[in-house]
Amino acid sequence: MKNELRVVISGGGTGGHIFPAVAIANEIKAQKPEAKILFVGALGKMEMEKVPKAGYEIIGLPIAGFNRSNMLANVTFPFKLLRSLFLAHKVLRGYKPDIAIGVGGFASGPTLRVANLLGIKTLIQEQNSYAGVTNKILSKKAEKVCVAYPNMEKFFEKDKIVFTGNPVRGDLAKISISPYEAKKSFGLEPDRKTLLIIGGSLGALSINKGIASGLKNLLNADLQIIWQTGKTFVEQAKETVANLQSQRVYVSDFIYEMDKAYAAADLVVSRAGALSVSELSLVGKAAILVPYPFAAEDHQTQNALSLTSKEAAILVKDNEIAYHLVESVVELAENATKLRVLSENILKFAKPFAAKEIVDEIFKITQK
Numbered sequence: 003m004k005n006e007l008r009v010v011i012s013g014g015g016t017g018g019h020i021f022p023a024v025a026i027a028n029e030i031k032a033q034k035p036e037a038k039i040l041f042v043g044a045l046g047k048m049e050m051e052k053v054p055k056a057g058y059e060i061i062g063l064p065i066a067g068f069n070r071s072n073m074l075a076n077v078t079f080p081f082k083l084l085r086s087l088f089l090a091h092k093v094l095r096g097y098k099p100d101i102a103i104g105v106g107g108f109a110s111g112p113t114l115r116v117a118n119l120l121g122i123k124t125l126i127q128e129q130n131s132y133a134g135v136t137n138k139i140l141s142k143k144a145e146k147v148c149v150a151y152p153n154m155e156k157f158f159e160k161d162k163i164v165f166t167g168n169p170v171r172g173d174l175a176k177i178s179i180s181p182y183e184a185k186k187s188f189g190l191e192p193d194r195k196t197l198l199i200i201g202g203s204l205g206a207l208s209i210n211k212g213i214a215s216g217l218k219n220l221l222n223a224d225l226q227i228i229w230q231t232g233k234t235f236v237e238q239a240k241e242t243v244a245n246l247q248s249q250r251v252y253v254s255d256f257i258y259e260m261d262k263a264y265a266a267a268d269l270v271v272s273r274a275g276a277l278s279v280s281e282l283s284l285v286g287k288a289a290i291l292v293p294y295p296f297a298a299e300d301h302q303t304q305n306a307l308s309l310t311s312k313e314a315a316i317l318v319k320d321n322e323i324a325y326h327l328v329e330s331v332v333e334l335a336e337n338a339t340k341l342r343v344l345s346e347n348i349l350k351f352a353k354p355f356a357a358k359e360i361v362d363e364i365f366k367i368t369q370k
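Residues 3 to 370, numbered by this note's numbering, are exactly what the sequence shown covers, in order.
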């Protein structure tokens with residue numbers, strides 16, 4: 003089809019970048035089935051596995067992040083960047099997209115920079131409440147910047163900002179399973195209060211260690227638990243549960259059916275990545291957020307503060323996990339009023355039509 007829409011979507015590294023990107027692609031396809039979509043990611047990163055599973059083609063660049071804490075680790079960075087710019091140029095010239103979309107992550111920098119040089123229109127999807135350096139630079143040449151939080155004028159030109167929210171997985175927008183059935187699907191008791199622990203798509207070592215050391219106290223508080231550990235901690239978590247001989251803990255390295263996990267949960271412990279915050283808002287779950295302290299520009303703390311300032315979540319600092327996390331979970335679980343207030347307030351941050359609103363902007367820019 004001669005006038006078909008051709009789109010490049012670039013970025014990744016974590017689920018927080020990948021899942022919104024796939025949601026945007028799915029929405030484009032839903033509205034324009036004939037559209038052609040190509041992903042550009044970073045070799046060795048999660049997107050190289052997850053994007054093909056979602057049904058899309060992806061090309062990998064040899065780009066890696068810039069290590070601010072260890073400058074010696076950056077010796078090969080200039081060479082990887084130059085190679086990535088060269089490959090991005092080759093891909094974009096060959097593919098001839100109508101628009102390149104950056105969703106954050108290592109690959110979006112070189113891809114959108116080359117798109118600018120080739121005169122290809124660009125759109126940025128900024129997931130966090132605190133914009134990173136790369137997106138601030140790329141926004142200068144972008145047509146639009148779709149943001150997930152208000153008051154982003156301090157980072158981007160006001161007339162380019164579109165407040166869309168973050169796209170989330172479609173199954174979360176319309177959860178059909180009941181809490182009763184969801185709990186049963188994890189082998190748990192359907193009437194018992196349930197804690198969901200999610201450390202992000204890669205897991206969270208400090209959260210996992212805190213939960214493992216306090217697991218007995220959580221079980222003594224009459225809770226049952228769905229625990230997503232990430233790959234590196236799953237065996238240790240299973241061993242901890244086995245030692246306590248408890249049937250009230252479901253352990254998995256990665257939960258694919260998050261609609262069921264959220265439906266089952268009465269309260270959640272989570273990192274404060276953009277995707278996690280958007281999902282928690284959409285499903286309206288009372289949450290204790292533990293920001294990852296080494297995220298770029300400490301954006302997870304900023305994400306969490308945007309909620310805690312409106313009494314929409316509880317914040318526990320990473321360095322307070324050992325003596326404060328389990329205690330905070332037990333206190334919240336026993337306070338029905340607080341659970342209700344947090345749930346009601348976080349729902350106010352929900353943006354269920356984010357993917358559609360972003361795709362509407364794409365169609366306006368490309369006029370296709």
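Heads up, the beta-carbon is just placed ideally off N, CA and C, and yes, glycines get one too.
Cβ pair count under 8 Å reaching 3, the region 38-49 against the region 101-117: yes
Mapping the DSSP letters down to three states, classify Ala102 as helix, strand or coil. Mapped onto the sequence shown, residue 102 falls at position 100. Note: Ala102 maps to strand in three-state DSSP.
Can you say whether Leu84 is buried or exposed, counting buried as having 16 or more other CB atoms within 10 angstroms of its CB? Along the sequence shown, one-based indexing puts residue 84 at 82. That one is exposed.
In chain order, what residues of the same chain have a beta carbon less than 8 Å from the beta carbon of Ala27, not counting five sequence neighbours either side? Locating residue 27 in the sequence shown gives position 25, where the first residue counts as 1. These residues qualify, in order along the chain: Val9, Ile11, Ile39, Phe41, Ala56, Tyr58.
Looking at Phe256 and Ala314, is the spacing between their C-beta atoms short of 8 Å? Position 312 of the sequence shown, counting from 1, holds the residue named residue 314. Position 254 of the sequence shown, counting from 1, holds the residue named residue 256. No, they are not a contact pair.
For Leu7, tell me which candidate among Tyr132, Pro99, Lys92 has the shortest Cα-Cα distance. For the purposes of this step, residue 7 is taken as the residue at position 5 of the sequence shown. Looking at the Cα atoms, Pro99 is the closest of the given residues.
Tell me whether the beta-carbon of Gly18 lies closer than 8 Å to the beta-carbon of Gly43. For this step, residue 18 is matched to residue 16 along the sequence shown. For this step, residue 43 is matched to residue 41 along the sequence shown. No, they are not a contact pair.
Taking DSSP as the reference, what is the three-state secondary structure of Leu7? What you label residue 7 is simply residue 5 of the sequence shown in a count that begins at 1. Leu7: coil per DSSP, three-state reduction.
From the DSSP output, in three-state form, read off Tyr97 for me. Position 95 of the sequence shown, counting from 1, holds the residue named residue 97. Helix.
Mind checking whether Leu246 and Leu225 have CB atoms under 8 Å apart? Here residue 246 refers to the residue found at position 244 of the sequence shown. Here residue 225 refers to the residue found at position 223 of the sequence shown. Contact flag unset, no.
At a cut-off of 7 Å, would you count Ser180 as near the ligand SAM, judging by its Cβ distance to the nearest heavy atom? Absent from the structure shown: the ligand SAM. Ligands present: none.
What does the alpha-carbon distance come out to for the pair Val271 and Pro169? For the purposes of this step, residue 271 is taken as the residue at position 269 of the sequence shown. For the purposes of this step, residue 169 is taken as the residue at position 167 of the sequence shown. Using only the alpha carbons, I get a separation of about 21 Å.
Which partner residues does Phe165 have in the DSSP bridge list? For the purposes of this step, residue 165 is taken as residue 163 along the sequence shown, with counting starting at 1. Looking at the DSSP assignment, Phe165 forms a beta bridge with Val149.
Residues bridged to Thr196 (per DSSP): Indexing the sequence shown from 1 puts residue 196 at position 194. Answer is Gln226, bridged to Thr196.
Roughly how many whole angstroms lie between the Cα atoms of Asn219 and Ser180? As a first step, residue 219 must be located in the sequence shown, where it is residue number 217. As a first step, residue 180 must be located in the sequence shown, where it is residue number 178. Taking the straight line joining both Cα atoms gives about 28 Å.
Between the alpha carbons of Glu359 and Gly275, how many angstroms are there, rounded? As a first step, residue 359 must be located in the sequence shown, where it is residue number 357. As a first step, residue 275 must be located in the sequence shown, where it is residue number 273. Near 21 Å, if we compare the C-alpha coordinates of Gly275 and Glu359.
My parser needs the alpha helix (DSSP H) runs of 4 or more residues fully inside the region 17-73; what are they? 17-33, 49-55
Can you grab the Cα-Cα spacing for the pair Gly167 / Arg250, in whole Å? Numbered from its first residue, the sequence shown carries residue 167 at position 165. Numbered from its first residue, the sequence shown carries residue 250 at position 248. Distance between the alpha carbons of Gly167 and Arg250 is about 35 Å.
Glu159 CB to nearest chain D CB: under 8 Å? Note that chain D does not occur in the displayed structure, where there is just one protein chain.
So, are the CB atoms of Pro54 and Ile61 less than 8 Å apart? Here residue 54 is taken as the residue at index 52 of the sequence shown, counted from 1. Here residue 61 is taken as the residue at index 59 of the sequence shown, counted from 1. For Pro54 and Ile61, no; Cβs fall outside 8 Å.
For Pro295, count neighbouring C-beta atoms within 10 Å of its own C-beta (all shown protein chains included) and say buried if the count is 16 or more, exposed if not. Here residue 295 refers to the residue found at position 293 of the sequence shown. Exposed is the call here.
Residues bridged to Leu269 by DSSP? As a working note, residue 269 is residue 267 in the sequence shown. For Leu269, which the question treats as bridged, DSSP gives the partners Leu197.
So Gly201 and Ile323 are supposed to be a Cβ contact under 8 Å. How far apart are they, rounded? Here the question's residue 201 lines up with position 199 in the sequence shown. Here the question's residue 323 lines up with position 321 in the sequence shown. Their Cβ separation, rounded to whole angstroms, is 11 Å, which puts Gly201 and Ile323 out of contact at 8 Å.
Separation of Ala357 from Val258, as counted between CA atoms: Working through the sequence shown from its first residue, we reach residue 258 at position 256. Working through the sequence shown from its first residue, we reach residue 357 at position 355. The identity of residue 258 in the sequence shown is Tyr, whereas the question assumes Val. Answer to the nearest angstrom: the Cα atoms are 20 Å apart.
Rounded C-beta distance between Val135 and Lys146? I'm assuming under 8 Å. Stepping through the sequence shown from its first residue, residue 135 is reached at position 133. Stepping through the sequence shown from its first residue, residue 146 is reached at position 144. Wrong, their Cβ atoms sit about 19 Å apart, outside the cutoff.
Do you know whose CA, among Lys353, Lys34, Ile209, lies nearest Tyr325's CA? Here the question's residue 325 lines up with position 323 in the sequence shown. Minimum Cα distance to Tyr325 is reached at Ile209.
What three-state label does DSSP hand Ser254 in the structure shown? Stepping through the sequence shown from its first residue, residue 254 is reached at position 252. Strand.
Would you call the CB atoms of Ala267 and Ile316 closer than 8 Å? The residue labelled residue 267 in the question sits at position 265 within the sequence shown. The residue labelled residue 316 in the question sits at position 314 within the sequence shown. Not closer than 8 Å, so no.
Select from Glu128, Val328, Ile101 the residue whose C-alpha is nearest the C-alpha of Val116. As a first step, residue 116 is located in the sequence shown; it is residue number 114 there, counting from the start. The candidate whose alpha carbon is nearest that of Val116 is Ile101.
Closer than 7 Å by C-beta to Lys185: which residues in its own chain qualify, once you throw out the five before and the five after it? Chain order, please. Locating residue 185 in the sequence shown gives position 183, counting from the first residue. Contacts found: Glu191, Pro192, Thr196, Ala266.
Whose CA, out of Ala298, Ile177, Leu284, Asn137, lies closest to the CA of Leu344? Stepping through the sequence shown from its first residue, residue 344 is reached at position 342. Out of Ala298, Ile177, Leu284, Asn137, Leu284 has the C-alpha closest to the C-alpha of Leu344.
Using only the alpha-carbon positions, how far apart do Tyr151 and Pro35 sit? Numbered from its first residue, the sequence shown carries residue 151 at position 149. Numbered from its first residue, the sequence shown carries residue 35 at position 33. Those two C-alpha atoms are separated by around 30 Å.
Could you check what DSSP says for Ser141 in three-state terms: helix, strand or coil? As a first step, residue 141 is located in the sequence shown; it is residue number 139 there, counting from the start. Correct three-state label for Ser141: coil.
Between which two residues does the beta strand (DSSP E) containing Lys123 stretch? Locating residue 123 in the sequence shown gives position 121, counting from the first residue. Lys123 -> beta strand (DSSP E) spans 123-128.
Any idea if Asn321 is buried or exposed, counting beta-carbon neighbours within 10 angstroms, 16 or more meaning buried? Translated into the one-based positions of the sequence shown, residue 321 becomes position 319. Asn321 is exposed by the Cβ-count criterion.
For Leu291, which three-state DSSP category applies? Counting from 1 along the sequence shown, the entry for residue 291 is found at position 289. Here Leu291 sits in strand by DSSP.
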